[in-house]
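See structure below.
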Amino acid sequence: MDNKRPIDVRIIVEGASDVENVSRALQDLALGAEYHITISSIIPTTSIEIARKAVQGADVVLIATDVDSPGRELAEKFQNSLKDVVGHLERMNLPYGHDVEYIEPGIISEEIKNAIIRAGLLSITNIKEYKELEEQYITSHHQLEALSQENQELLQENQSLLNKMEEFSLQSEQLQQETEKLKDELDNIQAEYNHLESLYNRLQDKNLCEVFSIKKLWVELFDEELADYEQLTFATNQFKPANIMVGQGWIAAQSKDDALEWLKVIKTALIFMDSTKSGEIKEDLDEEDNLLDKFQDMWE
Numbered sequence: 005m006d007n008k009r010p011i012d013v014r015i016i017v018e019g020a021s022d023v024e025n026v027s028r029a030l031q032d033l034a035l036g037a038e039y040h041i042t043i044s045s046i047i048p049t050t051s052i053e054i055a056r057k058a059v060q061g062a063d064v065v066l067i068a069t070d071v072d073s074p075g076r077e078l079a080e081k082f083q084n085s086l087k088d089v090v091g092h093l094e095r096m097n098l099p100y101g102h103d104v105e106y107i108e109p110g111i112i113s114e115e116i117k118n119a120i121i122r123a124g125l126l127s128i129t130n131i132k133e134y135k136e137l138e139e140q141y142i143t144s145h146h147q148l149e150a151l152s153q154e155n156q157e158l159l160q161e162n163q164s165l166l167n168k169m170e171e172f173s174l175q176s177e178q179l180q181q182e183t184e185k186l187k188d189e190l191d192n193i194q195a196e197y198n199h200l201e202s203l204y205n206r207l208q209d210k211n212l213c214e215v216f217s218i219k220k221l222w223v224e225l226f227d228e229e230l231a232d233y234e235q236l237t238f239a240t241n242q243f244k245p246a247n248i249m250v251g252q253g254w255i256a257a258q259s260k261d262d263a264l265e266w267l268k269v270i271k272t273a274l275i276f277m278d279s280t281k282s283g284e285i286k287e288d289l290d291e292e293d294n295l296l297d298k299f300q301d302m303w304e
């Protein structure tokens with residue numbers, strides 16, 4: 005106990021005349037030795053504001069007023085105003101109409117002692133409540149820690165879900181782009197299909213039963229690679245033969261012989277056209293047109 009701070013007790017009295025009365029009563033008490041208590045101050049005041057300042061930091065405050073009605077009212081005001089300032093408040097009564105000159109100090113001493121004992125007994129009761137509050141605090145603290153941990157886990161899970169949502173959003177955007185790309189490809193395929201269907205219908209209308217690779221027929225006929233496919237297509241489109249169709253690297257005809265004959269005609273036409281451009285044949289364009297007409301008449 006010697007290693008602990010003594011209990012700080014302060015006494016509020018109504019006036020300066022009560023200070024001497026209480027001081028004499030304290031001389032008969034050995035509060036420090038018996039209870040490890042020190043009376044640090046006796047405060048003569050009826051002012052709530054002064055009392056609040058004077059009792060700051062006290063462990064126990066004894067409110068010593070007369071037992072008459074004004075004394076009780078003053079004690080109640082102090083108790084209501086100081087309960088949030090000190091650890092414990094205890095009421096002690098001074099004899100009604102007491103006179104400092106004749107009052108017996110032992111009466112005051114006994115009242116002080118009893119008030120301190122009451123404060124101690126009430127503090128024991130408060131200790132139980134304090135322990136319960138402490139246990140509730142510890143339980144609440146553990147619950148708060150658990151909730152904090154759970155909240156942290158939920159925050160992490162929420163962040164993970166946000167990341168996944170962002171990932172799914174990116175994947176959705178990529179899928180949308182791929183869908184648009186596939187749609188464009190489908191449109192191209194549909195257009196190509198429509199073209200092929202139209203070509204097929206034209207083949208049927210012209211009774212063109214066989215289709216051959218122009219590249220293969222050209223090599224077979226002339227033992228060389230076709231230098232310019234576009235020229236062949238252009239020449240065919242110019243002549244417009246009734247039973248020949250050329251497109252996409254293929255030639256359609258009623259027979260292979262017809263296809264070979266047409267390639268021969270085109271080969272001859274291309275030779276004449278190249279010769280004209282190189283200056284080997286110096287005829288004017290009218291003569292060239294007549295030559296093409298002759299080829300067309302010959303084929304027909």
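For the sequence shown, the positions run 5 to 304 when my numbering is used. The beta-carbon is built from N, C-alpha and C at its ideal position, and this holds for glycine as well.
Residue i to residue j span [Cα, whole Å]
i	j	result
S27	A55	19 Å
E214	N198	20 Å
E182	V269	48 Å
V17	R76	12 Å
E138	L148	15 Å
Q258	L190	33 Å
T49	G36	25 Å
N84	K8	30 Å
K260	E184	43 Å
A20	S152	57 Å
N241	Q175	49 Å
S202	E171	46 Å
E224	A195	33 Å
N97	H146	46 Å
Q156	E177	31 Å
E341	K168	Residue coverage of the chain in this structure runs from 5 to 304, which leaves residue 341 outside it and unanswerable.
N118	R95	10 Å
Contact under 9 Å by Cβ, residue i with residue j
i	j	result
A239	A273	yes
N25	I116	no
V23	V65	no
F226	I255	no
A79	T69	yes
W266	I248	yes
Those residues which DSSP pairs with residue i across a bridge
i	result
I255	F216 and V250
P48	V17
8 Å contact criterion, which residue i and residue j should meet: CB distance rounded
i	j	result
I11	I46	Not confirmed; about 16 Å, so no contact.
I218	V250	7 Å
I43	I15	6 Å
I120	Y39	7 Å
D32	G124	About 19 Å; that fails the 8 Å criterion.
Which listed residue (the options) has its alpha carbon closest to that of residue i
i	options	result
E229	P245, F243, G253 and Q242	G253
L30	E265, S173, G19 and E108	E108
G61	G91, L33 and T69	G91
S73	D88, E53 and P99	P99
L93	D232, F243 and N130	N130
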